[in-house]
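So for the sequence shown, our numbering puts the first residue at 399; every next one is plus one.
Virtual Cβ for every residue (Gly too), placed ideally from N, Cα, C.
Here the structure is a predicted model, which means the values were calculated and not measured.
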Amino acid sequence: MVVTCEEVWREVSNYLEGEVDPTLRAAMEEHFRGCKRCTAVLDGTRNVIQLYGDERMFEVPLGFSHRLHRRLEENIVPARRTFLGWMVAAAAAVLVAGGFEVARSSVFSHPELRTEHAESSSGVPPDLMVVVATDGKTFHIPGCPFIHDKARLRTIAAREAMQEGYAPCVRCMRKYLNA
Ligand SMILES: [Zn+2]
Ligand SMILES: [Zn+2]
Numbered sequence: 399m400v401v402t403c404e405e406v407w408r409e410v411s412n413y414l415e416g417e418v419d420p421t422l423r424a425a426m427e428e429h430f431r432g433c434k435r436c437t438a439v440l441d442g443t444r445n446v447i448q449l450y451g452d453e454r455m456f457e458v459p460l461g462f463s464h465r466l467h468r469r470l471e472e473n474i475v476p477a478r479r480t481f482l483g484w485m486v487a488a489a490a491a492v493l494v495a496g497g498f499e500v501a502r503s504s505v506f507s508h509p510e511l512r513t514e515h516a517e518s519s520s521g522v523p524p525d526l527m528v529v530v531a532t533d534g535k536t537f538h539i540p541g542c543p544f545i546h547d548k549a550r551l552r553t554i555a556a557r558e559a560m561q562e563g564y565a566p567c568v569r570c571m572r573k574y575l576n577a
């Protein structure tokens with residue numbers, strides 16, 4: 399018997415609760431050995447079940463959104479199976495979309511990120527005049543050989559560059575960054 403990833407996702411919570419028949423169980427075990435994606439779903443689902451069992455599930459995995467949080471609270475009454483099935487579907491969708499890392503970074507990509515950039519480059523004197531390329535992500539000391547797109551440069555104060563979300567060039571700004 400061969401099972402597909404979709405079948406594994408549908409049955410994974412039953413599998414963890416020991417409620418699949420021996421044939422399916424063996425087929426799924428075989429599948430997990432060869433499929434990293436489903437192994438990740440298995441681990442994720444096991445975590446969810448543990449959280450659920452501990453009744454600490456609202457310290458939700460993966461930094462889920464407030465909206466999801468509300469849905470979880472609404473779903474606490476209906477059958478556990480429905481909830482788990484839903485979680486597995488969500489986990490699978492995330493995996494299909496390119497892995498947990500992607501989900502995590504999109505969940506956590508707050509607007510504050512730019513500020514963090516600025517803080518991390520605080521060794522750069524704020525009044526230093528630097529150049530930025532319009533399409534670039536870094537700012538440079540004028541004349542830095544690593545400036546790309548030399549056609550569209552602006553010269554601004556480092557403070558402004560940081561406020562606009564540019565990060566210091568690691569080559570020409572090295573002496574400030576190591577300070
Ligand atoms: Zn699979
Ligand atoms: Zn540079």
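- In the displayed model, M426 falls within a helix according to three-state DSSP.
- In this structure, C433 has its CB closer than 6 angstroms to one or more heavy atoms of ligand 1.
- For the pair R569 and F544, the CB atoms are nearer than the 7 angstroms cut-off.
- R435 and V401 have their C-alpha atoms roughly 14 angstroms apart.
- One alpha carbon belongs to A555, the other to K535, and they sit about 15 angstroms apart.
- According to the DSSP secondary-structure assignment, I554 is paired through a beta bridge with V528.
- In the DSSP assignment, H538 falls within the unbroken beta strand (DSSP E) covering T536 to H538.
- When distances are taken from the beta-carbon of C403 to the heavy atoms of ligand 1, the shortest one is below 6 angstroms.
- H538 has its Cβ nearer than 6 angstroms to a heavy atom of ligand 2.
- At the C-beta level, M426 and Y413 come within 7 angstroms of one another.
- When DSSP reads this structure, P420 sits in no beta bridge, so it has no partner.
- Here the alpha carbons of T437 and E428 stand approximately 11 angstroms from one another.
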